[in-house]
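Residue numbers (the working numbering): 585 to 721. Even for Gly, the Cβ is constructed at its ideal location relative to N, Cα and C. Here the structure comes first, spelled out in structure tokens, and everything after it is commentary.
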């Protein structure tokens, strides 16, 4: 059997992929922790399901996971995943009571996010009392 040229192509692709991954990783360190945190929360809030869950928690003050499943078009596993992500971000608190998981809004987490978002908006807000000239037409 002769040489297999396709093996060298596969090897080259994996080398290039590794280089690209290294470049992406090193560039990721250029963002401030504040920007990284703001992006994480903004990404989480970009899901309409998470917005609906947060609204339900805000209206009820406290909610059991099963209640959220009843009021949303989501499965139990999907609701649980969203709740876990919101809890990891610090936007909600959760505790287990027997076989039930209860959740509520974390006011400190929301205030922290509000401060991050307000600071960002102030940084990028157009000048001239909202009558910014658009330079890129």
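Open item on the list: What residue range does the beta strand (DSSP E) around residue 678 cover?
Closed with: For residue 678, the uninterrupted beta strand (DSSP E) run begins and ends at 676-681, by DSSP.
Open item on the list: Relative to the C-alpha of residue 641, which candidate in 707, 668, 704, 686 has its C-alpha closest?
Closed with: Considering only alpha carbons, the answer is 686.
Open item on the list: Using the three-state DSSP reduction, which class does residue 701 fall into: helix, strand or coil?
Closed with: Helix.
TODO: Please go through the same chain and pick out, in chain order, the residues whose beta-carbon is closer than 7 Å to the beta-carbon of residue 628, but skip the five residues on each side of it.
DONE: Excluding residues within five positions, the ones whose Cβ falls inside 7 Å are 634, 669, 670, 673.
Open item on the list: Restricting to Cα atoms, I'd like to know which of 647, 662, 695, 696 is closest to residue 680.
Closed with: Scanning 647, 662, 695, 696 for the CA closest to the CA of residue 680 turns up 647.
TODO: Buried or exposed for residue 689, please, with buried defined as at least 16 other CB atoms from any protein chain shown within 10 angstroms of its CB.
DONE: That one is buried.
Task: Whether residue 622 touches residue 694 by CB criterion (7 Å) - done: Remark: C-beta atoms of residue 622 and residue 694 do not approach each other more closely than 7 Å.
- [ ] Measuring alpha carbon to alpha carbon, tell me which of 708, 675, 658 ends up nearest residue 632.
- [x] The shortest C-alpha separation from residue 632 is found at 658.
Task: Helix, strand or coil at residue 709 according to DSSP, with G and I counted as helix - done: Looking at residue 709 - three-state DSSP - the assignment turns out to be coil, as it is neither helix nor strand.
Task: Integer-rounded CB distance, given that residue 655 should sit under 8 Å from residue 667 - done: Not really, about 14 Å apart at Cβ, beyond 8 Å.
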